[in-house]
Structures are given as structure tokens and as C-alpha cells.
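Peer 1:
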Amino acid sequence: MSTRSFFRVDRPMTVAEIADLTGASLRRDGNRDRRITGIATLDRAGPADLVFLDHMKFTGLARGCAAGACLTAGRFAEFVPASVAVLVVDEPYRAFVKVARALYPGALRPSSLYEAVGVSAGAVVHPTARLESGVTVDPGAVIGAGAEIGSGTVVGANAVIGSHVKIGRDCAIGANATVAHALIGDRVILHPGCLIGQDGFGYVMGPAGHSKVPQVGRVIIQDDVEIGAGSAIDRGAARDTVIGEGTKIDNQVQVGHNVTIGRHCVLVAQTGIAGSATLEDFVVLGARAGVKDHVTIGEGAQIAATASVASDVPPGERWGGTPAKPMAQWLRELAFLNRTGRSPEGQGGRNND
Amino acid sequence: MSTRSFFRVDRPMTVAEIADLTGASLRRDGNRDRRITGIATLDRAGPADLVFLDHMKFTGLARGCAAGACLTAGRFAEFVPASVAVLVVDEPYRAFVKVARALYPGALRPSSLYEAVGVSAGAVVHPTARLESGVTVDPGAVIGAGAEIGSGTVVGANAVIGSHVKIGRDCAIGANATVAHALIGDRVILHPGCLIGQDGFGYVMGPAGHSKVPQVGRVIIQDDVEIGAGSAIDRGAARDTVIGEGTKIDNQVQVGHNVTIGRHCVLVAQTGIAGSATLEDFVVLGARAGVKDHVTIGEGAQIAATASVASDVPPGERWGGTPAKPMAQWLRELAFLNRTGRSPEGQGGRNND
Amino acid sequence: MSTRSFFRVDRPMTVAEIADLTGASLRRDGNRDRRITGIATLDRAGPADLVFLDHMKFTGLARGCAAGACLTAGRFAEFVPASVAVLVVDEPYRAFVKVARALYPGALRPSSLYEAVGVSAGAVVHPTARLESGVTVDPGAVIGAGAEIGSGTVVGANAVIGSHVKIGRDCAIGANATVAHALIGDRVILHPGCLIGQDGFGYVMGPAGHSKVPQVGRVIIQDDVEIGAGSAIDRGAARDTVIGEGTKIDNQVQVGHNVTIGRHCVLVAQTGIAGSATLEDFVVLGARAGVKDHVTIGEGAQIAATASVASDVPPGERWGGTPAKPMAQWLRELAFLNRTGRSPEGQGGRNND
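Residue numbers (the working numbering), protein chains in the order written: chain A, 13 to 365; chain B, 13 to 365; chain C, 13 to 365.
(1) Would you decide whether G218 of chain B is buried or exposed? Buried here means 16 or more other CB atoms lie within 10 Å of its CB.
(2) Looking at chain C, which residues of the segment 194 to 215 of chain A have a Cβ within less than 7 Å of any of its Cβ atoms?
(3) Below 7 Å between beta carbons is the criterion; list the residues of the segment 241 to 266 of chain A that meet it against any residue of chain C, in chain order.
(4) Is there a Cβ of chain A sitting closer than 9 Å to that of R300 of chain B, yes or no?
(5) To which residues of the same chain is N364 of chain C closer than 6 Å at the C-beta, ignoring the five residues directly before and after it?
(6) Could you list the residues in the segment 142 to 155 of chain B with a C-beta less than 7 Å from some C-beta on chain C, going in chain order?
(7) Quick one: grab the DSSP three-state call for P117 of chain B.
(8) In the DSSP assignment, what are the bridge partners of M25 of chain A?
(9) Compare the C-beta of I93 of chain B against all C-beta atoms of chain A and say whether one is closer than 9 Å.
(10) Decide if K69 of chain C is buried, meaning its Cβ has at least 16 other Cβ atoms within 10 Å, or exposed.
(11) Contact criterion: CB-CB distance below 9 Å. Does M13 of chain A meet it with respect to chain C?
(12) Would you check if the segment 96 to 103 of chain B and the segment 120 to 131 of chain B touch, i.e. whether three or more CB-CB distances between them fall below 8 Å?
(13) Pick from B:R354, B:T308, B:G353: whose alpha carbon is nearest that of A336 of chain B?
(14) Does DSSP classify K110 of chain A as helix, strand or coil?
(15) With a threshold of 7 Å on Cβ separation, who are the neighbours of G205 of chain B within its own chain once the five nearest residues in sequence on each side are excluded?
(16) With distances taken Cα to Cα, identify the nearest neighbour of G146 of chain C among C:T290, C:G248, C:G162.
(17) My understanding is that A249 of chain B touches N270 of chain B, with C-beta atoms under 8 Å, so please give their C-beta distance in whole angstroms.
(18) In the DSSP assignment, find the unbroken beta strand (DSSP E) run with L62 of chain A in it and report its ends.
(19) Consult DSSP for T290 of chain C and reduce its assignment to one of helix, strand or coil.
(20) By alpha-carbon positions, which one of B:A289, B:T283, B:V278, B:F108 ends up nearest to D252 of chain B?
(21) Compute the distance between the beta-carbons of G164 of chain B and R142 of chain B, then report whether it is under 9 Å.
(22) So for K260 of chain C, helix, strand or coil by DSSP?
(23) Under 9 Å, do G332 of chain C and A319 of chain C count as touching if we go by C-beta distance?
(24) Short of 8 Å in beta carbon distance, which residues of its chain neighbour D324 of chain A, apart from the five on each side in sequence? Order them along the chain.
(25) Going straight from the alpha carbon of H138 of chain B to that of A128 of chain B, what length do you get?
(26) How would you list, in chain order, the residues of chain C whose beta-carbon sits under 8 Å from the beta-carbon of F19 of chain A?
(27) Is any beta-carbon of chain B found at less than 9 Å from that of D236 of chain C?
(28) Measuring CA to CA, which of B:V109, B:V254, B:A119, B:G130 is closest to F19 of chain B?
(29) A171 of chain A and V231 of chain A look like a contact to me (Cβ under 8 Å); what is the Cβ gap, rounded to whole Å?
(30) Residues in the same chain with beta-carbon distance under 6 Å from N350 of chain A, minus the five sequence neighbours each way, listed in chain order, please.
(31) Given this structure, state the Cα-to-Cα distance separating I173 of chain A from V149 of chain A, to the nearest angstrom.
(32) Going by Cα to Cα distance, which pick from A:A135, A:T140, A:A317, A:E160 is closest to A153 of chain A?
(33) Taking the alpha carbon of A157 of chain C as the point to measure from, which residue in C:V177, C:A169, C:G168 has its own alpha carbon closest?
(34) If you check the beta carbons only, do A313 of chain A and P326 of chain A fall under 9 Å apart?
(35) Do T49 of chain C and L115 of chain C have their C-beta atoms within less than 9 Å of each other?
(36) Could you tell me which of C:A31, C:R275, C:R106, C:I51 sits nearest to N43 of chain C, measuring between CA atoms?
Here is the structure:
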């Protein structure tokens, strides 16, 4: 896949190794030693690529597939051409990801965009900053006074780490990211352009203008958090903004001051969380969802894309709409509106339409 | 608060000094000399912290509070434990902010993330740029030809100031911010990653593609403006984009070309203002509000979060919804829809439900 | 216009030359040799400025206009003062843009913010990177191993170009932009703070946390694409993210992994496109429109501002709303709702209101 990807597979796998790794059963035994050197989609795969097939709607593509091997469920095996090694497994996509992670270990965490090792000549590290051994700092990165950075962490080109920030081990700080007033755990990924730890938006408003409320809290980012490109996390006012362990945040997300996000939440792109809101563990926010200030979203609750949450959401519920409400109710509202729109007179809302 | 904040209190205040500053009356006189060295929330405060209590819903937290002093209104004083110095005042939160501003003067304006003084060795300042004395330039910042920067201004690490940009005194330009084709007043704060002065989005569209309309206006940012992390202000096409004195803009806000924003407006996070719109003075846009091109929002009007303004809004009105309309009308629409959704048949819209 | 713009007009045009360029007919012949040195709006123009008038609502402004020349349609010519050279043409705005492009060739593509020529001393270019002659690299830019950059391209200050990225000729890469895992064509403009080629947002979710799906695809940006400030384009997972020739993308737009955007599309500010969606050629997305994952929007379809597209849109159609639907249907829904809101009892939905 060398010409099709910036990622190189250093250790190809045989079909037999893939079967071992995933617990798949191989349909045609003669293909055991075939070498797989990359992953691809059904329509683009070549004879050294692994693909997967897990839905009826892709069986058409599968018929023309030229891949080396295909992870699929038993009921789809018949759609895969005879030239392809068929690996049958209960959850084809999970198995495919497992193999992809084994083939591309270098894609699991961003690495130096400069292929640097150690502290680059063009980086500026304050003499009082403390870097463990095995830290990579790309050219142009600036690391402030008293900052501490753990072993294995990569600080991207032109990233800025403010004074006294602490970053754990095996983190990846993206190019052009800015991190200030923050404590960051291990294995945290901040993608390029992340903006962490600037002032929250707080003023005492008055007829002569607005007076800034000092923002003296911090940003706490726990282990295994990932934050997308261009996302902004403001530091707290009189307490901290906290992002819980394992939470994954997509691009262009805004998290206001004093927000507490639990463990293993998922925030899809362009979501926004206003100040002092709380997300308990395993909350999912769909793309561009919004959460009002001081609202609490209960454990495991899921918010639909584009919804705006203006009141507390009980644990485990699914809400949607603006303002957000339980999914069933929102869908009934949409169905009702839809009837009014389909009626040419725009009168709807009656039983007889 | 040294371990809980990146901001140090150099000059602690006694309870008596806090009473003097805020005009509060001290309930228990024996606490006059107690030293306050930080601020905190009710549930996290220690014996040297100041807290405030201004709402019935927090009285439960107040009962367990271990703070040194509490600013509160007379009617809540009884909920504060005897160990806490009680400072009674009409507006507890305003008084609290007043004290916070006195305790943390360094938090009122972002300072160097590198603890730099003067022009850092790693900064690149064009020989024709003119910096007054007392300008701080962090490492990696780039300042273009003929740029002018006033005394007391801090240019953050890896910020880029384009040629001939003028920046006034006592400004803070955030790390990784980009400023071009702009004139900036005094005491302006641009947070990290701000994008100021790039081309507006203008094309003459046609069947063979889109032809760029030259954008030769400027961005004018008046005194005491604050602009949040990752916000983008495009320069004008044939005239200027103007942000009026004292206006406060949150993170990830988009302001299109030729927009005129008046004095002391407030734009909460993720709002977007399309080209050639006008906001008069003291307009407030809630989070993620949108404003259509060429629309005018009158003085003091307030737009609810998530609303999309598609027509002129008269001064002083409160609007919400998509498209935005007067608040009362929007709330009636929502109430109506809500009834249709609560009815299991989804029929709603009738008088008898 | 020297004091009113950062762009200088090196070669002023006479009124006669403007008439020649645009095919306009000059009403008053005595003005043929008048020199035009800039463009302006009707209310701000001086005697050396060109303006245009193409709508009845601006005729009031036109009466007081002090411009040197005005491009307008025949029916508006009477509103232009006698002191102004009147150039009559069918499409005044298109003609105005044509002249503006001739007057300000330097505004058609961003140039060095440092007025640099060649590779600046403060830039960091990896020894294995290959730059054609005539590349400009501003101070602080970092260019990775094996990257290739074509003649005439400007890499802005503190921009980061990742290893093995290929960028064509006559491109402009904005200050503080980050580009990785990408192949970029000719005459592409990336505005400041663009974030190109970071990981797509893909996880296998589970009760113990979320496991990252390797993102080993690329970003392909074809010729003549323009991407606004702070916009983010994720690279593909197992295939590529593709932005087609001539497509124009505004600020703060999010494009997810595997998205395919056709030729000459227009994406206005703050739009978001979820993973694996497809936009065919000449699609227009209004401001802050959203597109669900795996959806296809047909050729030439137009999506209204703030709409959220959750299902395929046929070619050529105009859709709006959340979830998006054909425009006529959406407008009927809005009209219906509007009636419910205008009725003080909030009952609406009846024929007799």
C-alpha cells in the first residue's frame, strides 16, 4: 500500500496469522500462506489487501472484489469471489480493526511530522522545563518554564506548551497546538491546532461595558483522552475543567469553563458544551450537539446529532431536538410537522390527512 | 491555592480588606484579620479561600463549606457555618468578582506562556517592524515588515503578525494566533489560535467554476475587545470588518467580511455572522447563534442560543428559533410542538389535549 | 486607497480602460482619462475609486456618491451624480469584480505575511524535502522529510508541512496551517490555521472504552481548491478523503474521513460533513449546514443554511430544515408553525386562523 498511504506496513501478516489473531475460520485452506500487506475498501482492494464485508448492501461490491482476504460473517461468505481468502467471524468489522491495529501500529498515535527523534535543533525549550528521556520535540515547538513532559511523548512542530504545564507519558501533542494551565495524563492525544487552557468566557456585564472575571482554574485531562483538531477546552474559573479517562473528542469541539466530562464519553465534531455542565461516564454527543450551561447529562445517555440540551438528561436515555427531549417525543414532533409540510395547504395536524 | 492554580496570589487580603473593597458588612467581627489567599467554590474551599453564595439551591453545599470567608446576601447568611467569616452584601457574585480581580491581577490579561520579558531570542521580528519599549515577544512569534506594536503588549509564542499590522498598547496576542491586514486598538485580547484578517469568502459563481473576488478591506478591532480561541474574523471586501470597543467574543466564532459589530456586544461560543451583517451596540448572541448576511440586529437586542437570525431584529427585542422570531412567538411554537409530541398518536395541534 | 487598504494598486486604470475590460458603455465621454486607483463602496468612495450600483435599494446611497466611476445597469444610471463617470453594463457586479481582479492581482492569492522571498532564515526545511525553485517559505515554517513543494508556492509563517506531503505549484499555505498525509494540487489556497490530514474519528466502542481504528488513508486536494481559516479535513480510514477541483470551502468547516467532495462545490462557513458522505459536483452548502455520514448529495443540489441533511438528496434539488427535506416542504412546515406561534393561545394548526 506504499503508494496509497503515508503509513508503511513493516510486518505483513499471512492469512493464517490473521485467522489466529481474530479467531476467524478460514473457508479455503489453500490460502493460509497468502501475505497481506495492507487494508482497503471492497472496491479498491488489490491482491495483498484485507477487506471486510458485514452488510447486505455491500455484497454487490464484494462480487467484484480483488482483495487478498475478506473478513466476513458466514451468511455473506457466498458473495465473496473464489480468488479471495474468506475468513468467517462473528463481528467482521471488529476483527478487521484488530488486524488493522496489528498491521499499522504507527497509526495508533500521531508521530513526529518531521521524523524527528529527541529534541529538535529548532525547538525552544525553557531551561527550567523538565523532559524525561525519550521525549520528541519537533522543530518550532516552544516549551515554557517549569513544564514537565513524560517519556515517549511527542510534541509536534510549532506546538506551544505553557509554563508549568504537566504532560504524562506516551502522549502526542499535535502541531500548532497550544496547551496552557493544564495537567495532562498518559497516552493523551491532542490533534493539531488544539487550544487547551485559555480563559473561560466570564464577565460581569454592565451598562458601561463588561468586566472580566478572572479564570484561575485549570484543565485536567485524564489518561487516554483524545481531542480533535481545532477543539478548544477552556480552563476553569474558580474550579477546574475536567476531561475524564478515555473520553474521545472530535474536531472543532468547544468545552467551556468548569465543565466536567466523565470517563469514556464520545463527543462528535462541532459539539459545544457551555460552562459548568456535567457529562457523566459513557455519554455520547452526536455531531454538533450543544449542551447548556449547568446542565447534567446522566451516565450512558446519548444525544442525537444537532440536538441542543437545555435541561438535565436522565442516565441511559436518548434525546434529540432543540430544545432536546426524549427521542420518541422528538420523532413524534417531527412526524407531525412532516405531515403539515406534505399537505399542500400546509394545514396538517389533523387526523384525516 | 498554589497547588490548585497556575495563578499565584502575591498579596493576600484580610477579611476586613475584603469588606472595605466590596462594602460588605462583616457578621462576626472576630474574623477581621483572617487572611484570604485564593478563591474557590463552596464544595472545594479551604480555610484561606473566599467563596460566595447567592442562590437557594447552593445552601446545601454551603452548610458543609470549609471556606475562610463567604460573600452572601443577608437572607442566605444563616446557611453558612459558624467557622466561616460571613460578608453580607447586596450582590454577592459582583462582590466576589471584585475581590477575585484584586487577588489575581495577573489573570485579567494573558501573559507570556514562556515567562519571557522583551523580545525572545527565538522570535523573528522584521527589521522594519517598530516595537515600542516594553513589548514582550515569545519564542517563535513572527512579526512582519512595517508592523507596529505598542508598549505593554505581549505577542504569544508562534503567533504571526502580518506586515503593516498595527497593534496598540497592553494587548495580548495569543500563542499560534495569526493577525493580518488589521488595525488593533489598546488592551485588546486575542486568545490562542485566533485567525484575523484572512480573505472573506467571495466568488463570482459560474458554470465553469468560481472566480475569486479580491478582498482588499481591513479588520478594525477597537479598544478593549476580547476574541476567543480559534475564532476567525475575515477582512472586508471593498470596506472594513469592524469590531467595536469593548465587545467580547468567545471561542470558535466566525465573523464574515464587511461585518460591523458595535460596542460592548457579547458573542458566545460558536456563533457565526455572515458577510455584511450589522450588530448595533450591546447586542448579545447566545451560543451558536447565527446571523444571515446583510441583516441588522438593533441596539441591545438579545438572540437566544442556537437561533438563526434571517431578518432584521428591532432594538431591545429578544428573539429565538430558526428562523429567529420574537421570543414569545418562538416559545408558543415550541409549546405547540411539545403537545404534538407528548400525544402518543402524534396528532397534537388540537384544543382538547 | 493606500491608507484604507493593505493592498496597493500598482497600475491604476483609466475609465476608458475599464470600459474596454468590461465592455461597458461610457455615458459621459469627458471622463475617459480619469484615473481609478481603487475600489470602494458607494458611501465611502473618493474621486479615484470605482464603485458599482446594481439594486434599487442602494440608489439613495448612490445619489451622495463621490466616486470617480460607477459600473451600473442602464436603469440605475439616472441615480448617479453628474460628477461620477457612469459605465453602463448588463451585470454591474461581475464587471466590478473583473476590474477589481485587474487592479489588485496581489489579492487573488495570499502572499507572504513577512514579505519574504525564497526560504527564510527562520524556516526549518528537512534536508530530504524537495522544493522547486521559486518557492517562498516564511519564517518559522517547518517542512518535513521527503515533502515536495512546487514552484511559486508560498508556505506561510509557522505553517507545518508533514513528511512526504506533496504540494503543487502556485499554492498558498496559510500561516499556522498544518498539513499532513496529503497530496495537494496546483493553485490551492489553504488559509491560516487550516488543519489538513489528521486522524479521522473512528473507534470500536465497548464497555471498557473505545479502541482506535487506524486511519491510514490520505487527503487528496485537487487543483484550484480554496479552504478557509480554521477548517479541518481529516484523512481517510482505509481510503482517501477527496476535495474536488475548484471547490471553495469557507472558515471553520469540518470534513470527516472518507468524504468525497466533487468539483466546484461551495461550502459556506461552519458547515460539517460526517464521515464517508459524498457531495457530487457543484453542490452548495449554506452556512452551518450539516451532512450525515454516508449520505450522498446529488450534482448541483443546494442545501439551505443551518439545514442538517440526513438522507440522500437528488441532483439539482434545494433542501432545507433539520432533518433536511425539499425546500417547499420545509417552508410549508415553517409557515404552519408560524401560525401556531402567532396565535396567542398557541393552538394553531387550524384552518380558520
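Glycine included, each C-beta is placed from N, C-alpha and C at the ideal position.
Peer 2: This is what the structure gives:
(1) Numbered from its first residue, the second sequence carries residue 218 of chain B at position 206. G218 of chain B should be labelled exposed.
(2) Listed by position along the chain: H203, P204, G205.
(3) Per Cβ criterion, the list reads A241, G242, G258, K260, D262, N263, Q264.
(4) Within the second sequence, numbered from 1, the residue matching residue 300 of chain B stands at position 288. It does; some Cβ of chain A falls within 9 Å.
(5) Taking the first residue of the third sequence as 1, we reach residue 364 of chain C at position 352. Because N364 of chain C sits at a pLDDT of 36, beneath the cut-off of 50, its placement in the model cannot be relied upon, and the following sentence gives the value as read from the coordinates. Within the same chain, no Cβ atom closer than 6 Å to the Cβ of N364 of chain C is found once the five residues on either side in sequence are excluded.
(6) Taking 7 Å as the Cβ-Cβ cut-off against chain C, the residues of the segment 142 to 155 of chain B that qualify are G152, V154.
(7) As a first step, residue 117 of chain B must be located in the second sequence, where it is residue number 105. It is helical.
(8) Here residue 25 of chain A refers to the residue found at position 13 when the first sequence is read from its first residue. Per DSSP, the beta bridge partners of M25 of chain A are A:I48.
(9) As a working note, residue 93 of chain B is residue 81 in the second sequence. Position check: residue 93 of chain B holds Pro in this sequence, whereas Ile was assumed. Chain A has no Cβ within less than 9 Å of the Cβ of P93 of chain B.
(10) Numbered from 1 along the third sequence, position 57 holds the residue referred to as residue 69 of chain C. K69 of chain C counts as exposed, since fewer than 16 other C-beta atoms from the protein chains shown sit within 10 angstroms of its C-beta.
(11) The residue labelled residue 13 of chain A in the question sits at position 1 within the first sequence. At M13 of chain A the pLDDT is 35, less than 50, meaning the model places this residue with poor confidence; the figure from the coordinates comes in the next sentence. The beta carbon of M13 of chain A falls within 9 Å of a beta carbon belonging to chain C, placing the residue at that interface.
(12) Not touching, per the Cβ criterion.
(13) Here the question's residue 336 of chain B lines up with position 324 in the second sequence. Measuring from the Cα of A336 of chain B, the nearest candidate turns out to be B:T308.
(14) Start at 1 with the first residue of the first sequence, and residue 110 of chain A comes out as number 98. In this structure, DSSP gives K110 of chain A a helical state, which the three-state scheme calls helix.
(15) Along the second sequence, read from residue 1 onward, the residue named residue 205 of chain B stands at position 193. Non-local beta-carbon contacts of G205 of chain B in its own chain, meaning distances under 7 Å to residues more than five positions away in sequence, involve G186, N188, A189, A241, G242 in chain order.
(16) Against the third sequence, residue 146 of chain C aligns to sequence position 134. The candidate whose alpha carbon is nearest that of G146 of chain C is C:G162.
(17) Within the second sequence, the letter at position 237 stands for residue 249 of chain B. Within the second sequence, the letter at position 258 stands for residue 270 of chain B. For a cut-off of 8 Å, the C-beta gap from A249 of chain B to N270 of chain B is around 6 Å, short enough to register as a contact.
(18) Start at 1 with the first residue of the first sequence, and residue 62 of chain A comes out as number 50. Where L62 of chain A is concerned, the enclosing beta strand (DSSP E) stretches over 61 to 65.
(19) Start at 1 with the first residue of the third sequence, and residue 290 of chain C comes out as number 278. Strand at T290 of chain C.
(20) Looking up residue 252 of chain B in the second sequence gives position 240. Checking every option, the nearest Cα to that of D252 of chain B belongs to B:A289.
(21) Taking the second sequence and counting its residues from 1, the one referred to as residue 164 of chain B is at position 152. Taking the second sequence and counting its residues from 1, the one referred to as residue 142 of chain B is at position 130. No; because the gap between Cβ atoms is not below 9 Å, this pair is not in contact.
(22) Sequence index remark: in the third sequence, residue 260 of chain C carries index 248 (1-based). Strand at K260 of chain C.
(23) Within the third sequence, residue 332 of chain C is the residue found at index 320, counting from 1. Within the third sequence, residue 319 of chain C is the residue found at index 307, counting from 1. The Cβ atoms of G332 of chain C and A319 of chain C lie closer than 9 Å to each other.
(24) Numbered from 1 along the first sequence, position 312 holds the residue referred to as residue 324 of chain A. Correct list, in chain order: V307, T308, I309, G310.
(25) Taking the second sequence and counting its residues from 1, the one referred to as residue 138 of chain B is at position 126. Taking the second sequence and counting its residues from 1, the one referred to as residue 128 of chain B is at position 116. Each residue's alpha carbon lies about 19 Å from the other.
(26) Locating residue 19 of chain A in the first sequence gives position 7, where the first residue counts as 1. Correct list: P226, V228.
(27) Counting from 1 along the third sequence, the entry for residue 236 of chain C is found at position 224. Yes, D236 of chain C counts as interfacial toward chain B.
(28) Counting from 1 along the second sequence, the entry for residue 19 of chain B is found at position 7. Distances from the CA of F19 of chain B to each of B:V109, B:V254, B:A119, B:G130 were compared; the closest alpha carbon is that of B:A119.
(29) Numbered from 1 along the first sequence, position 159 holds the residue referred to as residue 171 of chain A. Numbered from 1 along the first sequence, position 219 holds the residue referred to as residue 231 of chain A. A Cβ-Cβ separation of about 15 Å leaves A171 of chain A out of contact with V231 of chain A under the 8 Å criterion.
(30) The residue you call residue 350 of chain A lines up with position 338 of the first sequence. Same-chain partners within the cutoff: there are none.
(31) Within the first sequence, the letter at position 161 stands for residue 173 of chain A. Within the first sequence, the letter at position 137 stands for residue 149 of chain A. Taking the straight line from one Cα to the other gives about 11 Å.
(32) The residue you call residue 153 of chain A lines up with position 141 of the first sequence. The option with the nearest alpha carbon to A153 of chain A is A:A135.
(33) The count along the third sequence starts at 1 and reaches residue 157 of chain C at position 145. Per the Cα distances, C:V177.
(34) The sequence position of residue 313 of chain A within the first sequence is 301, counting from 1. The sequence position of residue 326 of chain A within the first sequence is 314, counting from 1. The Cβ atoms of A313 of chain A and P326 of chain A lie closer than 9 Å to each other.
(35) The sequence position of residue 49 of chain C within the third sequence is 37, counting from 1. The sequence position of residue 115 of chain C within the third sequence is 103, counting from 1. Yes, the pair counts as a contact, with Cβ atoms nearer than the cut-off.
(36) For the purposes of this step, residue 43 of chain C is identified with residue 31 of the third sequence, where counting begins at 1. When C:A31, C:R275, C:R106, C:I51 are compared, the shortest CA-CA separation from N43 of chain C is found for C:A31.
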